[in-house]
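To start, the structure under review is shown below, and the notes come after it.
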Amino acid sequence: MTIISKKGFCPGCMMTQKVLDAKGVKYTIKHIDSEAERNHILDLGFRSYPIVEPNDKIDDETFCGFRPEKLKA
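With full-length UniProt numbering, the residue at position 51 of the sequence shown is 51, and numbering never jumps.
Below, the structure is given as structure tokens:
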């Protein structure tokens, strides 16, 4: 599982990590640093962080925002 996060304060990102930690799910965090990366994320239709990639790639299961009901062990 990959979590795409913005740099700086991101409450949804922190809460997502807490839920995954509590469930014992392994994940990788990728920080969006550049304007080009941010624009690419916007072009894909994502408007909030975190962006969660359950399959470590953007696909039909990818979602954005803090969505604990979608965080499976």
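Backbone N, C-alpha and C fix where the C-beta goes; we use that ideal spot for every residue, glycine too. Keep in mind the model is a prediction, meaning the values are calculated, not measured.
Quick check on the DSSP output: the beta strand (DSSP E) that includes LYS6 runs from which residue to which?
It spans 2-6 - the beta strand (DSSP E) in which LYS6 sits, taken as one unbroken run.
Which runs of the beta strand (DSSP E), 3 residues or longer, sit entirely within the stretch 9-42?
For the stretch 9-42, whole beta strand (DSSP E) runs of length 3 or above, ordered along the chain, are 28-32.
Pair every Cβ in the stretch 44-52 with every Cβ in the stretch 11-21, then say whether three or more of these pairs are closer than 8 Å.
The way I'd put it, the stretch 44-52 does touch the stretch 11-21; three or more beta-carbon pairs between them come closer than 8 Å.
Tell me the DSSP bridge mates of PHE63?
The partner list for PHE63 (beta bridge, DSSP) reads VAL52.
In whole angstroms, what separates the C-alpha of ILE32 from that of ASP21?
Approximately 21 Å between the Cα atoms of the pair.
Buried or exposed: where does SER5 fall if 16 or more other Cβ atoms within 10 Å of its Cβ makes it buried?
By the 10 Å Cβ count, SER5 comes out buried.
LEU42 versus MET1: straight-line alpha-carbon distance, rounded:
Here the C-alpha atom of LEU42 lies approximately 21 Å from the C-alpha atom of MET1.
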